[in-house]
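Reviewing the structure listed below.
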Amino acid sequence: MSGILPEWPRSFGLPVGPARYRQHPDHFQVEEQLGFEPEGDGEHWWLFIEKANLGTLEMARRLGQLLDVELKDIGYSGLKDRMALTRQWFSIWLPGRPLPTDPATLVESAGGRLLNAGRHRRKLKRGAHRANRFYLRLEGECVMTDAFDARWEQLLDDGVPNYFGPQRFGVGGENLRRARQVMDRGWRRRDDRQGMLLSSARSFLFNEVLAERIDLGCWNQALEGDVFMLEGSHSHFASDGLDERLRQRVATLDIHPTGPLYGTGRSGTSQTAETLERDVLHRHESLAGGIERARAEAGRRALRVRVEAGRLLRDETGTWLGMTLPRGAFATAVLRELIDHPTL
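Numbering (the working numbering), first residue to last: 384 to 727.
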């Protein structure tokens, strides 16, 4: 990890050993799972597109240029990795007119492959998808060992620290470096059109709180005053007090302690949890103050993520991992618990 970013602690100690991943786009595959289908009519064309070595924003720009549609009228649910094989939905607002060409030909001209298409009455909004399905190929001696299998099973049983992955902070942590500069002089929308710098700053503070709780051994345990998030949902609640039933729900991954997505408004925490978060944020007063002045709305994020539908398959030279993670969770956060790699 870049020197700009700290070496945040792992939950289960050192990874099993060094390994390789992202050797080829096919070795890091992401498939968006909406949880619903386009309705079949409406002014928005929804296209499910497979693409390799092509970022979400670049695909949106290409579609807009081919159709003479402004970028603001093209929707997508999440930003997917560029160095990967990805399958995700886009929407294009075409009021009162059909697509000027066959959808498959259009997508091919933009550098992708069409998997599905349909009309819908609304634009695809950010965060609309339910989950992402990952297929990851790892190579190296350690991924062929019993120790690797045991660690993988441990992650499936106990969950994984829900760190924001290194891609959130840009190559070499560049997004975070720029975020610090922008926050020091005062965040302005024109300096951060997509909001990535603001997001990097808030993600960094969340990771710092999560790291503190890992160091204290309570990232996957309930603290007095915690706010909890329901598994499989972004609904959260504050507890009036801890009892055995609440602790058991945390232990069985039914609910998860949360950390702050820092901003204006109440965090919902109290007592021990509030003190811990306040102490961490105090170490980064400049960054936190810049986020407040940008008037980002406070939110919560689960400190732990449950890995669903985990699969491990081997061939003669490597190991494939399959897993489903809720939207917003990073596969790289799972990988850094398993393997040692410079980008993790």
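Glycine is no exception: its CB is placed at the ideal position from the N, C-alpha and C atoms.
Quiz item: Using CA coordinates, which residue listed in ALA514, ARG683, PRO408 and LEU636 is at the minimum distance from LEU538?
Solution: Relative to the Cα of LEU538, the nearest Cα in the group ALA514, ARG683, PRO408 and LEU636 belongs to LEU636.
Quiz prompt | Between the CA atoms of GLY461 and PHE419 - distance to the nearest angstrom | solution = Those two C-alpha atoms are separated by around 16 Å.
Quiz item: Can you tell which of GLN564, ARG568 and SER583 has its C-alpha closest to the C-alpha of VAL554?
Solution: Checked all of GLN564, ARG568 and SER583; the closest Cα to VAL554 is SER583.
Self-check item: Secondary structure of SER492, DSSP reduced to three states
Solution: Helix.
Exercise. With a 10 Å radius around its C-beta and 16 neighbouring C-beta atoms as the bar for buried, classify ALA443 as buried or exposed.
Key: Answer is buried; the Cβ neighbour count reaches 16.
Quiz prompt | Residue from ALA487, ARG393 and PRO401 with nearest C-alpha to HIS724 | solution = Checking every option, the nearest Cα to that of HIS724 belongs to PRO401.
Self-check item: Neighbourhood of ARG630 by C-beta, 7 Å cutoff - its chain only, sequence neighbours within 5 removed
Solution: The beta carbon of ARG630 is closer than 7 Å to those of ALA605 in its chain, skipping five residues each way along the sequence.
Quiz item: Identify the residues that DSSP records as bridge partners of MET612: which are they?
Solution: DSSP output for MET612 lists HIS619 and HIS639 as bridge partner(s).
Quiz prompt | Proximity of PHE587 and LEU670 at Cβ, strictly below 8 Å | solution = Yes, the pair counts as a contact, with Cβ atoms nearer than the cut-off.
Quiz item: Going by alpha carbons, who is nearest to LEU696 out of THR528, GLU557 and ARG563?
Solution: Checking every option, the nearest Cα to that of LEU696 belongs to THR528.
Quiz prompt | Minimum C-alpha distance to ARG551 - residue among LEU718, VAL717, ILE722 and PHE713 | solution = With distances taken between Cα atoms, ARG551 lies closest to PHE713.
Practice problem: Kindly give me the distance between the Cβ atoms of PHE395 and ARG534, rounded to whole angstroms, as I take these residues to be in contact under 8 Å. | Solution: A Cβ-Cβ separation of about 7 Å places PHE395 in contact with ARG534 under the 8 Å criterion.
Quiz item: In this structure, does DSSP put LEU708 in helix, strand or coil?
Solution: Strand, per DSSP.
Self-check item: Supposed close pair VAL452, ILE475 - CB separation, criterion 8 Å
Solution: About 6 Å; that satisfies the 8 Å criterion.
Self-check item: Three-state class that DSSP yields for TRP429 in the structure shown
Solution: In the structure shown, TRP429 sits in a strand (DSSP, three-state: E or B).
Quiz item: Would the beta-carbon of LEU519 fall within 8 Å of that of TYR404?
Solution: Yes; because the gap between Cβ atoms is below 8 Å, this pair is in contact.
Quiz item: Are the Cβ atoms of ILE387 and ARG560 separated by less than 8 Å?
Solution: The Cβ atoms of ILE387 and ARG560 lie closer than 8 Å to each other.
Self-check item: Own chain partners of LEU580 with C-beta closer than 7 Å, once the 5 adjacent residues on each side are dropped
Solution: Same-chain partners within the cutoff: ASN558, ARG561, ALA562 and VAL565.
Quiz item: So what's SER582 in DSSP terms, helix, strand or just coil?
Solution: Note: SER582 maps to helix in three-state DSSP.
Exercise. For my contact list, HIS512 and GLU422 are in at a C-beta cut-off of 8 Å; report their separation, rounded to the angstrom.
Key: About 16 Å; that fails the 8 Å criterion.
Self-check item: Rounded separation between THR652 and VAL690 - CA only
Solution: VAL690 has its alpha-carbon roughly 26 Å from the corresponding atom of THR652.
Quiz item: Going by the CB atoms, is the gap between PHE431 and TRP472 shorter than 8 Å?
Solution: Between TRP472 and PHE431, the CB-CB gap stays under 8 Å.
Exercise. Please work out which residues of its chain come closer than 6 Å, Cβ to Cβ, to GLY548, disregarding the five sequence neighbours upstream and downstream, and give them in chain order.
Key: Short of 6 Å from the beta carbon of GLY548, and not among the five residues preceding or following it, lie these beta carbons of its own chain, in chain order: PHE713, THR715 and ALA716.
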